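A short worksheet on the structure shown next.
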Amino acid sequence: SGDPGVYGMAGVVLEVAAQEKNTIPVEIVPGVTAATAASAILGAPLISDFAVISLSDLLTPLEKIERRLEAASQADMSIVLYNPQSQGRIEPLMKAYEIMMRHIDPKTPVGIVRNAGREGQTYTLTTLKDMLNCEIDMVTTIVVGNSATKVVNGKMVTARGYDLTQ
4 SGDPGVYGMA GVVLEVAAQE KNTIPVEIVP GVTAATAASA ILGAPLISDF AVISLSDLLT
64 PLEKIERRLE AASQADMSIV LYNPQSQGRI EPLMKAYEIM MRHIDPKTPV GIVRNAGREG
124 QTYTLTTLKD MLNCEIDMVT TIVVGNSATK VVNGKMVTAR GYDLTQ
């Protein structure tokens, strides 16, 4: 599932193929990312600039993840969080929440999507302040809106900036 070039194995496959001097062509077939699938499920929260940040600290130090969260939170862009929490790993999500609460309005809409595009898909709309009250695990994608995001008819919508009054 997803796109092999977004937190996938495309890079590893290309590196191994080059290292092994593989003469068989490698084709990277694009897919639908969890971010874009979650966005479609939630409405239209990623209409303008956005950041995608994995909270997995298995290959990336938590300090680097925190710096990325600080920058994205201060930039007033929507933020998509991948790999938010597992049974043994809750600290990155807690840190992300603390960082975002320092820089983003607590009333900002947040979408919590589980199993995006797969069997058992569910979603919940909440606010940044209340997002930790939702069920969050490794099959969850979290979409945090920006200052232009609102809930319209049960869907997250980030205004693009067009004058819709005419």
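The numbering used here puts the first residue of the sequence shown at 4, with every later residue one more than the last.
Glycine is no exception: its CB is placed at the ideal position from the N, C-alpha and C atoms.
Since this is a predicted model, take the numbers as computed values, not measurements.
Nearest to D140 by alpha carbon, out of T130, A119, A40 and G157?
Out of T130, A119, A40 and G157, A119 has the C-alpha closest to the C-alpha of D140.
To the nearest angstrom, how far is the alpha carbon of V55 from that of E23?
Each residue's alpha carbon lies about 32 Å from the other.
Residues bridged to G91 by DSSP?
According to DSSP, G91 bridges with nothing at all.
Report the CB separation of A151 from V83 in whole angstroms; it is logged as a contact under 8 Å.
Not a contact, Cβ separation roughly 16 Å.
Once you ignore the five residues that flank V160 on each side, which residues in its own chain have a CB closer than 8 Å to its CB?
Once the five neighbours on either side are set aside, the close Cβ partners of V160 are G46, A47, P48, I50, T152, K153 and V154.
Take every Cβ of the segment 70-78, pair it with every Cβ of the segment 104-116, and state whether three or more of those distances are shorter than 8 Å.
Flag = yes, the segment 70-78 and the segment 104-116 touch.
Consult DSSP for M104 and reduce its assignment to one of helix, strand or coil.
Residue state, collapsed to three classes: helix.
Of the choices L96, V16 and L128, whose alpha-carbon is the least far from that of I68?
Taking only the C-alpha atoms, the option nearest I68 is L96.
With C-beta atoms as the reference, is G148 less than 8 Å away from P112?
Going by C-beta atoms, G148 is nearer than 8 Å to P112.
List the whole-angstrom C-beta distance separating R121 from E138, where the pair is believed to meet the contact cut-off of C-beta under 8 Å.
About 16 Å separates the two Cβ atoms, so there is no contact after all.
Okay, do the segment 121-135 and the segment 11-20 touch, 3+ Cβ pairs below 8 Å being the bar?
In short, these stretches do not touch, since the Cβ pair count stays below three.
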